[in-house]
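First up is the structure itself, then whatever we jot down about it.
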Amino acid sequence: MGNIAIRTVNLGKLFYLNQKKRGKLRETLEEKIRLSLKHLFTALSPDAKKNEKKHPFANKHIWALKNVSFEVKHGEAVGILGHNGAGKSVLLKILSQVTKPTEGYAEIHGRVGAMLEVGTGFHPELTGRENIYLSGAILGMTRREIKTKFDEIVEFSEIGDLLDMPIKYYSSGMQGRLAFAVAVHLEPEILLIDEVLAIEDISFKEKCLSKLKEIVREGRTVLFVSHNMDSLKTLCNRAILLERGKIVFDGDIKKAISKYLSGNPDAKL
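Note that numbering that gives the first Met the number 0 has the sequence shown beginning at 0, numbered continuously upward.
Laid out in structure tokens, this is it:
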């Protein structure tokens, strides 16, 4: 167990489909009034509940993950493959404690850094500089520790004059650059990356991949979600393939990619 960075046991995440989102205040108030009258009518008429029609989505649910069990050792780089909706992002959110599993559990042995989607973890009203320090504090680092990495983060991200501008004015590309730079330079022992190489700038994308290779050589752990097969093959020796929330393959990266492509011919090579 001493060499295990991540261990999941029968991990499951359930989502219910019977909650309809309402964007308008009026609709929300109308719904509350309707429910209040319904409860009153039910209380006054014992037979009302028997004749009540169920909502078409009542009690319906979907398992985003089900019975997901695996181990990742310290120093491993593991690709996470799967079609859209397979459960890849949900898995990373559970491992980074953004959301909790419905069943099962995950053991994490080491400090986690995560880049789940562009801008995640950043406060839009704070500047780039302030968000760097905020991210380090969330990881449990002291201000002095963050300061020793600050210049490297700024240089790598190439955000230049935007450093003291609120994040909300950054383009998604610039947010992605800074988020990646923060995630990799604050030295977490376990790094969770979700589609970071979707950044359009090719030269920066290559720089990101090179940095991830360096991190793996240093003995840190990387879980890498991507639809880019070349990037996965370059970084990882192993991959976990998810289909409808379940692991259908866990092993050699080339075999995993072959199995994935057989059901997804439009994937990026």
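The beta-carbon is built from N, C-alpha and C at its ideal position, and this holds for glycine as well. In this text the structure is predicted, and so the values were computed from the model without any measurement.
Environment of residue i [buried if 16+ CB atoms lie within 10 Å]
{"i": "P100", "result": "buried"}
{"i": "Y169", "result": "buried"}
{"i": "T214", "result": "Checking the displayed sequence, the identity of residue 214 turns out to be Ile instead of Thr. Answer is buried; the Cβ neighbour count reaches 16."}
{"i": "Q96", "result": "exposed"}
{"i": "K87", "result": "buried"}
{"i": "H60", "result": "exposed"}
{"i": "R216", "result": "exposed"}
{"i": "A136", "result": "exposed"}
{"i": "D193", "result": "buried"}
{"i": "T7", "result": "buried"}
{"i": "S230", "result": "buried"}
{"i": "G244", "result": "buried"}
{"i": "R219", "result": "buried"}
{"i": "N190", "result": "Here the sequence assigns Leu to residue 190, which means Asn is not the residue at that position. With 16 or more other Cβ atoms within 10 Å, it is buried."}
{"i": "I201", "result": "exposed"}
{"i": "L234", "result": "buried"}
{"i": "L208", "result": "buried"}
{"i": "K148", "result": "buried"}
Identified DSSP bridge partners for residue i
{"i": "V8", "result": "Y104"}
{"i": "V247", "result": "DSSP lists no partner for V247."}
{"i": "I61", "result": "F14"}
{"i": "E70", "result": "R6"}
{"i": "V77", "result": "L222, R237"}
{"i": "E242", "result": "K245"}
Run of the alpha helix (DSSP H) containing residue i, from where it starts to where it stops
{"i": "T147", "result": "142 to 156"}
{"i": "F179", "result": "171 to 184"}
{"i": "T233", "result": "228 to 234"}
{"i": "I201", "result": "201 to 216"}
{"i": "R128", "result": "127 to 137"}
{"i": "A255", "result": "252 to 261"}
{"i": "V89", "result": "87 to 94"}
Close-in-space but distant-in-sequence residues of the same chain around residue i (CB under 7 Å, 5 per side omitted)
{"i": "V181", "result": "I131, S134, I152"}
{"i": "V89", "result": "K12, A63, L64"}
{"i": "L138", "result": "R110, G112, L185, P187"}
{"i": "F14", "result": "H60, I61, A63"}
{"i": "M173", "result": "I158, L161"}
Sequence-distant residues of the same chain with beta carbon closer than 8 Å to residue i, five excluded per side
{"i": "K232", "result": "I252, K253, I256"}
{"i": "L10", "result": "L64, N66, V67, S68, L90, I93, P100, E102, G103, Y104, A105"}
{"i": "M164", "result": "T126, G127"}
{"i": "M140", "result": "L185"}
{"i": "L162", "result": "T126, G127, R128, V153"}
{"i": "S144", "result": "The residue you asked about is not Ser; residue 144 is Glu in the sequence shown. Closer than 8 Å at Cβ, skipping near neighbours: G135."}
{"i": "K20", "result": "Any reading at K20 must be qualified, since the residue scores a pLDDT of 47, below 50, and its modelled position is unreliable; no value is offered."}
{"i": "L240", "result": "L80, G81, I246, V247, F248, D249, A255, K258, Y259"}
{"i": "K206", "result": "F155"}
Contact set for residue i: own chain, Cβ-Cβ below 6 Å, skip 5 residues either direction
{"i": "S156", "result": "R176, L177, A180"}
{"i": "K167", "result": "P123"}
{"i": "A238", "result": "G78, L80, I252, A255"}
Enclosing beta strand (DSSP E) for residue i [first to last residue]
{"i": "I166", "result": "Element bounds for I166: n/a, residue is neither H nor E."}
{"i": "D193", "result": "189 to 193"}
{"i": "V97", "result": "From DSSP, V97 is part of no beta strand (DSSP E); its letter is neither H nor E."}
{"i": "G112", "result": "111 to 114"}
With a threshold of 8 Å, are at least 3 pairs of Cβ atoms found where one atom belongs to the segment 67 to 77 and the other to the segment 0 to 11?
Counting Cβ pairs under 8 Å, three or more are found: they touch.
Just checking, does the segment 74 to 83 make contact with the segment 222 to 230 on the three C-beta pairs under 8 Å criterion?
yes
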